[in-house]
Amino acid sequence: MLWLILLLPVVAVLMVLATQVDDWSRDLTTNRAHTAPGAKQEPWQTHGATLEAIAEAAAELARRDAKWRLADEKPLPDDSPLPPLLNGPPSATHHFVRTTGLMRYQDDIWLLVTDQGDGTLRFDAESRSRVGKGDLGQNPRNLAELERLLLQTLDQ
């Protein structure tokens with residue numbers, strides 16, 4: 091009977107873990123994610139917003155949500171796949187640090203904003219875990235959450 095009592099918390103943790111993993115072939119071995127044309131998470135765009143409005147929305151997002159912090163500018167890592175996907179340097183870069191709930195892990199997220207010249211801004215993003223070999227799908231969730239929260243903040 092004692093072994094059953096000890097086994098229940100382990101099973102509960104494994105069940106929670108199973109609900110968090112979206113892609114078993116990726117989430118246990120990869121600790122980064124980025125947007126890319128044709129990928130699962132594509133760059134997104136907005137029409138009519140200014141770079142100043144994006145900077146204000148980024149600051150507002152960080153003020154409203156305790157998990158997100160607008161950090162001092164940290165350069166994009168040298169091995170980032172984003173620069174070759176851009177047509178030149180970005181018009182603005184924002185660096186966020188997102189802290190996970192339970193374990194308090196910190197992930198670095200870079201948002202690169204490019205003015206397309208026609209009133210459209212393109213957003214490319216990369217999220218990286220600071221520790222570990224796998225992220226259990228947290229970095230792709232970071233990118234999706236950043237897009238949702240930023241666009242939601244711009245619409246207000």
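Its first residue numbered 91, the sequence shown is counted upward by one per residue in my numbering.
The beta carbon of each residue, even a glycine, is placed where N, CA and C say it ideally should be.
Pull up the distance between the alpha-carbon of Q206 and that of R238, whole angstroms please.
-> Against the sequence shown, residue 206 aligns to sequence position 116. Against the sequence shown, residue 238 aligns to sequence position 148. One C-alpha to the other measures close to 21 Å.
Taking the CB atoms as reference points, tell me whether P133 and D214 lie closer together than 7 Å.
-> Taking the sequence shown and counting its residues from 1, one reaches residue 133 at position 43. Taking the sequence shown and counting its residues from 1, one reaches residue 214 at position 124. In this structure, the beta-carbon distance from P133 to D214 falls below 7 Å.
Between the C-alpha atoms of T190 and T210, what's the straight-line distance to the nearest angstrom?
-> For the purposes of this step, residue 190 is identified with residue 100 of the sequence shown, where counting begins at 1. For the purposes of this step, residue 210 is identified with residue 120 of the sequence shown, where counting begins at 1. Straight-line spacing of the CA atoms in T190 and T210 works out to 32 Å.
Would you give the residue range spanned by the beta strand (DSSP E) that T189 belongs to?
-> Walking along the sequence shown from the start, residue 189 turns up at place 99. Taken as a continuous stretch (DSSP letters only), the beta strand (DSSP E) holding T189 covers A182 to T189.
What span of residues does the alpha helix (DSSP H) with S170 cover, start to end?
-> Walking along the sequence shown from the start, residue 170 turns up at place 80. Looking at the DSSP string, S170 is not in any alpha helix (DSSP H), and its letter there is neither H nor E.
Secondary structure at E142, three-state DSSP: helix, strand or coil?
-> What you label residue 142 is simply residue 52 of the sequence shown in a count that begins at 1. The answer is helix: DSSP assigns E142 an H, G or I state.
Could you tell me the boundaries of the alpha helix (DSSP H) in which T243 lies?
-> Taking the sequence shown and counting its residues from 1, the one referred to as residue 243 is at position 153. Residue range Q228 to D245 is occupied by the alpha helix (DSSP H) that includes T243.
Would DSSP call T120 helix, strand or coil?
-> As a first step, residue 120 must be located in the sequence shown, where it is residue number 30. Coil.
Sequence-distant residues of the same chain with beta carbon closer than 8 Å to A152, five excluded per side | Taking the sequence shown and counting its residues from 1, one reaches residue 152 at position 62. Around A152: W158, R159, L160 and F186.
Can you tell me which of the three DSSP states Q110 falls into?
-> For the purposes of this step, residue 110 is identified with residue 20 of the sequence shown, where counting begins at 1. Looking at Q110 - three-state DSSP - the assignment turns out to be helix.
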